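**Student:** In my numbering, the protein residues as written are -12 to 217.
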Amino acid sequence: MTFPVANIPVITVDGPSASGKGTVAERVAAALGFHFLDSGALYRLTALSALKRGVALDDEAAVAALAVELPARFRDGLVWLSEENVTDAIRAEAVGEGASKVAALPAVRAALLERQRGYRQPPGLVADGRDMGTVIFPDAVAKVFLTASAEARAERRYKQLIEKGNSANLPALVADMQARDARDTARTVAPLKPAGDALLLDTTWMDVESAVQAVLAHYASRQARSKQGN
Ligand code: DC
């Protein structure tokens, strides 16, 4: 017997880069024993695949063809492209830049749509990205839009870079955050914006654990409501 997909609960966590949504979404998934989808990783993998094969990032048809066939696997916190462990490679700055470019191509977004929906498996899914609540899972039981000021997000990124032994420049990171927000928000296809029915969670002054608890509480209240039939 197949389980009707509409009965599989989905929690969407959308928001700008470095808002902490990945960490929060992953912990919420672990707390509930749900599957976890890092949709940004799919755009990063698409960009990496294009860069490796010498496909121009603005060649929409060729990049979309790569996205359809993407031999991506996620296992135990590691990301694989075919037989290659690309967990660190997809986090490189150049790949992030490339991901932002290929994510603006409608054919690439269309190519990744069904693949993303395929992650909706029992007992449930927590999906993190930019358009999870608006485009990919509009029927999600609970939607959250996580924000934080550009300064707070730049500071988090700064700490991560320093901890990993990289050099970093805070004003440059703030400027980069603002430029990326503008690009993700202004694009015509699936722009970054909260779903009408999303809970807005500003984490500028909030730690990760409080944000996780807020998402879990929101899910519990939405679930109670949907059981009452509204
Ligand atoms: O969340 P991230 O930094 O890994 O995302 C990488 C890029 O992909 C970023 O520029 C936004 C884009 N993206 C998107 O357009 N839609 C998604 N659902 C997820 C990411």
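From the three backbone atoms N, C-alpha and C, an ideal C-beta is built for every residue, glycine too.
Bear in mind the structure is a predicted one, so any value in this text is a computation, not a measurement.
For V73, collect the residues of the same chain with a Cβ closer than 8 angstroms to its Cβ; drop the 5 residues on either side in sequence, then sort them by chain order.
**Tutor:** Within the sequence shown, the letter at position 86 stands for residue 73. Excluding sequence neighbours, V73 sits near L32, L35, V66 and W67.
**Student:** Do you know whose CA, among Q108, Q103 and G111, lies nearest R117's CA?
**Tutor:** Here residue 117 corresponds to residue number 130 of the sequence shown, with the count starting at 1. Ranking the options by Cα distance to R117, first place goes to Q103.
**Student:** Between which two residues does the beta strand (DSSP E) holding D189 run?
**Tutor:** For the purposes of this step, residue 189 is identified with residue 202 of the sequence shown, where counting begins at 1. Run containing D189: L186 to D189, per the beta strand (DSSP E) assignment.
**Student:** Report the three-state DSSP secondary structure of V82 (helix, strand or coil).
**Tutor:** Stepping through the sequence shown from its first residue, residue 82 is reached at position 95. Correct three-state label for V82: helix.
**Student:** Among M119, K214 and V176, whose alpha-carbon lies nearest the alpha-carbon of E101?
**Tutor:** Indexing the sequence shown from 1 puts residue 101 at position 114. Considering only alpha carbons, the answer is M119.
**Student:** Taking L186 as the reference, which of N(-6), I(-2), V42 and A(-7) has the closest Cα?
**Tutor:** Numbered from 1 along the sequence shown, position 199 holds the residue referred to as residue 186. Per the Cα distances, I(-2).
**Student:** Starting from A97, follow the alpha helix (DSSP H) in both directions and report where the run begins and ends.
**Tutor:** Walking along the sequence shown from the start, residue 97 turns up at place 110. Note, A97: alpha helix (DSSP H), P93 to R104.
**Student:** Reducing DSSP to helix, strand and coil, say where T10 ends up.
**Tutor:** As a first step, residue 10 must be located in the sequence shown, where it is residue number 23. Three-state DSSP puts T10 in a helix.
**Student:** State yes or no: is the C-beta of V89 within less than 8 angstroms of the C-beta of R209?
**Tutor:** By one-based count along the sequence shown, residue 89 stands at place 102. By one-based count along the sequence shown, residue 209 stands at place 222. Result no, Cβ atoms of V89 and R209 do not sit closer than 8 angstroms.
**Student:** Within 8 angstroms, do at least three Cβ pairs link the stretch 81 to 98 to the stretch 43 to 54?
**Tutor:** Taking 8 angstroms as the limit for Cβ pairs, the verdict is that the stretch 81 to 98 does touch the stretch 43 to 54.
**Student:** Could you tell me the alpha carbon to alpha carbon distance between L7 and R14, rounded to whole angstroms?
**Tutor:** As a working mapping, residue 7 is identified with position 20 in the sequence shown. As a working mapping, residue 14 is identified with position 27 in the sequence shown. Checking the displayed sequence, the identity of residue 7 turns out to be Gly instead of Leu. Their Cα atoms are separated by approximately 11 angstroms.
**Student:** Return yes when the Cβ of P3 is within less than 8 angstroms of the Cβ of L179, no when it is not.
**Tutor:** Reading the sequence shown from its first residue, position 192 is the one you call residue 179. Reading the sequence shown from its first residue, position 16 is the one you call residue 3. Result yes, Cβ atoms of L179 and P3 sit closer than 8 angstroms.
**Student:** Hey, would you say the C-beta of G116 is under 7 angstroms away from at least one heavy atom of ligand 2?
**Tutor:** Ligands in the displayed structure: ligand 1; ligand 2 is not one of them.
**Student:** Tell me the start and end of each unbroken beta strand (DSSP E) in the stretch 105 to 161 that is at least 3 residues and wholly inside, in chain order.
**Tutor:** List check, beta strand (DSSP E) in window: 112 to 116 and 129 to 134.
**Student:** Where do the ends of the alpha helix (DSSP H) carrying T74 lie?
**Tutor:** Translated into the one-based positions of the sequence shown, residue 74 becomes position 87. Element bounds for T74: n/a, residue is neither H nor E.
**Student:** With a CB to CB cut of under 7 angstroms and the five nearest residues on each side skipped, what residues in its chain are close to H205?
**Tutor:** In the sequence shown, the residue the question calls residue 205 occupies position 218. Excluding residues within five positions, the ones whose Cβ falls inside 7 angstroms are A129, V131 and L186.
**Student:** Report yes if the C-beta of R31 is less than 7 angstroms from at least one heavy atom of ligand 1; otherwise report no.
**Tutor:** In the sequence shown, counting from the first residue as 1, residue 31 sits at position 44. It does: the Cβ of R31 is within 7 angstroms (strictly closer) of some heavy atom of ligand 1.
**Student:** For T121 versus A173, is the C-beta spacing smaller than 8 angstroms?
**Tutor:** The sequence position of residue 121 within the sequence shown is 134, counting from 1. The sequence position of residue 173 within the sequence shown is 186, counting from 1. Result no, Cβ atoms of T121 and A173 do not sit closer than 8 angstroms.
**Student:** How many angstroms separate the CA atom of D115 from the CA atom of P109?
**Tutor:** Here residue 115 refers to the residue found at position 128 of the sequence shown. Here residue 109 refers to the residue found at position 122 of the sequence shown. Each residue's Cα considered, the two are about 17 angstroms apart.
**Student:** Taking buried to mean at least 16 other C-beta atoms within 10 Å of its own C-beta, is S191 buried or exposed?
**Tutor:** Residue 191 sits at position 204 when you count from the first residue of the sequence shown. The amino acid at residue 191 is misidentified as Ser; the sequence shows Thr. Classification of T191: exposed, given that the 10 Å Cβ count is below 16.
**Student:** Have a look at G9, A(-7) and N(-6) and flag the residue whose alpha-carbon is nearest the alpha-carbon of L133.
**Tutor:** Within the sequence shown, residue 133 is the residue found at index 146, counting from 1. When only C-alpha atoms are compared, the closest one is G9.
**Student:** Using DSSP bridges, identify the partner residues of T(-1).
**Tutor:** Taking the first residue of the sequence shown as position 1, residue -1 is located at position 12. In the DSSP output, where bridge partners are listed per residue, T(-1) has A114 and K130.
**Student:** Could you check how far apart the C-beta atoms of A12 and R140 are, in whole angstroms? I think they sit under 8 angstroms.
**Tutor:** Indexing the sequence shown from 1 puts residue 12 at position 25. Indexing the sequence shown from 1 puts residue 140 at position 153. Their Cβ separation, rounded to whole angstroms, is 16 angstroms, which puts A12 and R140 out of contact at 8 angstroms.
**Student:** Near D189, what residues of its chain come up, given a Cβ to Cβ distance below 7 angstroms and the 5 sequence neighbours on each side ignored?
**Tutor:** The sequence position of residue 189 within the sequence shown is 202, counting from 1. Once the five neighbours on either side are set aside, the close Cβ partners of D189 are T134 and A135.
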